[in-house]
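Peer 1: Note that my numbering numbers the sequence shown so that position 116 is 120, with each residue one more than the last.
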Amino acid sequence: MGSFCAQVYDLALAPFEAVRLTGLRKRLLAGAAGRVLEVGFGTGATLGAYPGHVELVALEPDAAMLRQARKRAARLKAPCRLLLGDAQHLPFRDGAFDTAVASLAFCTVPDPLRGLREVRRVLRPGGRFLALEHVQVSYQPVAWLQAVATPLWKRVAGGCHLDRHTLETVQAAGFTVQVARHHWLGFLLVVEAVRM
Ligand SMILES: C[S@@+](CC[C@H](N)C(=O)[O-])C[C@H]1O[C@@H](n2cnc3c(N)ncnc32)[C@H](O)[C@@H]1O
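#1: CA-CA distance, residue 8 and residue 70?
#2: For residue 33, tell me which candidate among 97, 24 and 51 has the shortest Cα-Cα distance.
#3: I want to check one thing, is the minimum distance from the CB of residue 173 to the heavy atoms of ligand 1 below 6 Å?
#4: Give the straight-line distance between the Cα atoms of residue 151 and residue 54, rounded to the nearest whole angstrom.
#5: In angstroms with no decimal places, state the Cα-to-Cα distance between residue 138 and residue 130.
#6: Can you tell which of 122, 163 and 6 has its C-alpha closest to the C-alpha of residue 177?
#7: Could you work out which residue in 159, 39, 200 and 30 is closest to residue 112 when comparing CA atoms only?
#8: Using the C-alpha atoms, what's the distance from residue 145 back to residue 59?
#9: So what's residue 102 in DSSP terms, helix, strand or just coil?
#10: By the 10 Å Cβ neighbour count, where 16 or more other Cβ atoms means buried, how is residue 167 classified, buried or exposed?
#11: From this set, 28, 35 and 114, which residue's C-alpha is nearest residue 132's C-alpha?
#12: Using 6 Å as the cut-off, classify the Cβ of residue 46 as near or not near the heavy atoms of ligand 2, replying yes or no.
#13: Looking at residue 26 and ligand 1, is the gap between the Cβ and the nearest heavy atom below 6 Å?
#14: Secondary structure at residue 9, three-state DSSP: helix, strand or coil?
#15: In terms of residue numbering, what span does the beta strand (DSSP E) encompassing residue 44 cover?
#16: Can you give me the start and stop residues for the alpha helix (DSSP H) that residue 144 sits inside?
#17: Below 8 Å, how does it come out for the stretch 100–111 and the stretch 39–48: are there three or more Cβ pairs, yes or no?
#18: What are the start and end residues of each continuous alpha helix (DSSP H) run of 4 or more residues lying completely inside the stretch 17–101, in chain order?
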């Protein structure tokens, strides 16, 4: 993303946080428990939404974003381990976590199927995957516009794709989806899934 993007990221998201995102994050993460892994942590926008009792390990591949996340964690006095790392190659043993979380992350992970398979691998059997993602809508011409805009958008927005089909990718990675809810005319997707 680079240092400038990392510094303006929270500002750019602030109106969306105020209208809906923060509420969706809180509702989703109320279900996090035990040892929790979050991938694509960014500047740590989810930090204030976790219940107090979780043991959070968060990974982010961009050093500038991670620096912002560390500042936020210090400000909120949030106990967590923040590490530089890629969702496609998780440095953890199989079954190491009770819950895995992704928030607006799999739009940007270059190979989302690989990343989601890694997330599944590090969850224990019965462990839950909680995700809030923006996705391609199911109706035209908006879906077409998202696909057409993506090549340019991903160049200016740190690799973000507007045309991902994340629900299908979660299923392809082997998760059993328990809840899939769409918000904002289908742009936002909330998924709760289990590693059987
Ligand atoms: C749109 S931001 C979302 C940040 C934050 N999770 C949020 O909810 O605001 C996408 C994040 O995914 C990260 N990312 C990109 N490639 C990744 C990868 N291979 N593995 C994990 N995260 C990745 C980016 O660096 C960026 O911080």
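Glycine included, each C-beta is placed from N, C-alpha and C at the ideal position.
Peer 2: The short version:
#1: Here residue 8 corresponds to residue number 4 of the sequence shown, with the count starting at 1. Here residue 70 corresponds to residue number 66 of the sequence shown, with the count starting at 1. One C-alpha to the other measures close to 13 Å.
#2: Residue numbering aside, residue 33 sits at position 29 when the sequence shown is read from its first letter. Out of 97, 24 and 51, 51 has the C-alpha closest to the C-alpha of residue 33.
#3: Sequence index remark: in the sequence shown, residue 173 carries index 169 (1-based). No, ligand 1 has no heavy atom inside 6 Å of this Cβ.
#4: As a first step, residue 151 must be located in the sequence shown, where it is residue number 147. As a first step, residue 54 must be located in the sequence shown, where it is residue number 50. The straight-line gap from Cα to Cα measures roughly 33 Å.
#5: On the sequence shown, residue 138 is found 134 positions in, with the first residue counted as 1. On the sequence shown, residue 130 is found 126 positions in, with the first residue counted as 1. Straight-line Cα distance between these residues: approximately 25 Å.
#6: Position 173 of the sequence shown, counting from 1, holds the residue named residue 177. Ranking the options by Cα distance to residue 177, first place goes to 122.
#7: Taking the first residue of the sequence shown as 1, we reach residue 112 at position 108. Nearest option by C-alpha distance: 159.
#8: For the purposes of this step, residue 59 is identified with residue 55 of the sequence shown, where counting begins at 1. For the purposes of this step, residue 145 is identified with residue 141 of the sequence shown, where counting begins at 1. Approximately 43 Å between the Cα atoms of the pair.
#9: As a position in the sequence shown, residue 102 is number 98, starting the count at 1. Three-state result, residue 102: strand.
#10: Counted from its first residue, the sequence shown places residue 167 at position 163. Buried.
#11: Counting from 1 along the sequence shown, the entry for residue 132 is found at position 128. Among 28, 35 and 114, the Cα nearest to that of residue 132 belongs to 35.
#12: This structure does not include ligand 2; its bound ligands are ligand 1.
#13: One-based indexing of the sequence shown puts residue 26 at position 22. Checking the Cβ of residue 26 against ligand 1 gives no.
#14: For the purposes of this step, residue 9 is taken as residue 5 along the sequence shown, with counting starting at 1. In the structure shown, residue 9 sits in a helix (DSSP, three-state: H, G or I).
#15: Indexing the sequence shown from 1 puts residue 44 at position 40. Premise fails: residue 44 is in no beta strand (DSSP E) and is neither H nor E.
#16: Locating residue 144 in the sequence shown gives position 140, counting from the first residue. Note, residue 144: premise wrong, no alpha helix (DSSP H); not H, not E.
#17: yes
#18: 26–33 and 67–80
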